[in-house]
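Here full-length UniProt numbering is used: position 111 in the sequence shown is 111, and no number is missing along the way.
Every residue, glycine too, gets a C-beta built ideally from N, C-alpha and C.
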Amino acid sequence: MRKLIRDIKVKVEVKGTGDAVVFVHGLGGDLNIWHSQVSACSPHLKTVTYDLRGSGLTDVSHPDYSIEVFVEDLKALLDSEMIEGAHIVAHSMGTMIAEHFAVVYPEAVKSLTLIGGFTEPPEGARKALADRSTLVRENGMESIADAILEGGFSSFSKSNQVMMGLVRSLLLKNDAEGYAASCRALAEAKAISHQNVKVPVLLIVGDEDKTTPLSMSKALYNSFPNADLEVLPNCGHWATIEMTNEVNAAVLKFINRI
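So this is what it looks like as structure tokens:
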């Protein structure tokens with residue numbers, strides 16, 4: 001369904017009952033990257049997936065996106081579902097949204113699971129994201145899809161043509177203006193101190209992740225007071241699709257112990 005959240009209509013899917021788990025996708029993704037995780041979690045928990053502003057079937061709206069805008073969208077979504085506290089599971093850019101959300105709204109977070117997480121984009125990545133924003137606006141999503149597939153997956157995953165086709169199609173469904181605005185938001189995003197985040201944190205990263213490599217998750221691990229780190233072998237950046245069983249098991253084990 002599409003719900004009016006703040007100034008936009010947001011694509012939202014809710015399944016199951018019990019403690020709420022809210023999934024936040026990353027740049028270029030949409031709620032479909034969580035298909036396997038929802039299947040694993042919804043028999044035991046209330047799962048909420050949604051398309052970020054400018055992604056999937058959610059409205060694009062104004063072009064001035066920021067991590068802060070995404071944070072307020074997430075809070076409004078939880079309020080609309082009458083969720084006072086949730087386990088937040090996030091991927092890639094979504095991890096920055098989740099980190100900031102946990103600092104701004106600590107009472108709304110029961111735990112954080114950050115998959116392919118990072119504190120902030122390195123300077124080189126900021127320029128690359130700004131350049132990508134311009135390229136997509138001028139030439140569409142087709143102009144960057146192959147580069148994302150090449151850099152985002154492990155050597156093993158690249159041999160899976162069905163998986164590659166699925167993610168390519170997901171990327172190409174993105175609205176170019178929405179994707180470009182998200183690129184700019186990420187390019188300008190700043191790190192936030194995690195020292196006051198007291199909830200349990202699980203960090204999951206692929207050992208072949210070139211987009212947000214292991215070193216970034218290690219930096220996150222050292223920045224949170226209460227974090228665990230799980231490294232997935234033969235896995236790239238799109239762990240929720242590449243290593244579904246391993247991610248599902250790690251997420252459920254983590255949430256069930258809280």
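Of the candidates 117, 172, 209, 2, the residue whose Cα lies closest to the Cα of residue 59 is 2. DSSP places residue 254 inside the alpha helix (DSSP H), whose first and last residues are 244-256. Only buried fits residue 200, as 16 or more other CB atoms lie within 10 angstroms of its CB. Each of 94, 125, 123 was checked against the Cα of residue 31, and the nearest Cα belongs to 94. In the structure shown, residue 162 adopts helical secondary structure according to DSSP, grouped into three states. Distance from the Cα of residue 235 is smallest, within the candidate group 51, 218, 212, for 212.
Closest option to residue 48, judged by alpha-carbon separation, among 55, 124, 89: 89. Out of 29, 19, 12, 11, the CA that lies nearest to the CA of residue 183 is found in 29.
DSSP places residue 181 in the uninterrupted alpha helix (DSSP H) bounded by 176-187. Ranked by Cα distance from residue 18, the options 12, 100, 84, 168 are led by 84.
Close CB contacts of residue 133 within its chain, under the 6 Å cut and outside five residues either way in sequence, are with 180, 183, 184 (chain order). Sequence-distant Cβ neighbours of residue 130 in its own chain, meaning closer than 8 Å and more than five residues away, are 183, 184, 187. Take residue 81, set aside five residues on each side of it, and the residues of its chain with a beta-carbon closer than 7 Å to its own are 14, 48, in chain order.
Taking 9 Å as the cut-off, the beta carbon of residue 96 is found closer than this to the beta carbon of residue 189. In the structure shown, the three-state DSSP call for residue 20 is strand. Within its own chain, the residues whose Cβ lies closer than 6 Å to the Cβ of residue 216, once the five positions on either side in sequence are excluded, are 118, listed in chain order.
Taken atom to atom, the span from the alpha-carbon of residue 175 to that of residue 44 is near 34 Å. Nearest to residue 205 by alpha-carbon distance, out of 191, 226, 171, 241, is 241. Beta-bridge partners assigned by DSSP to residue 152: none are found. Under the DSSP definition of a beta bridge, residue 2 partners with 11. One thing to note: residue 149 has its Cβ no nearer than 9 Å to the Cβ of residue 33.
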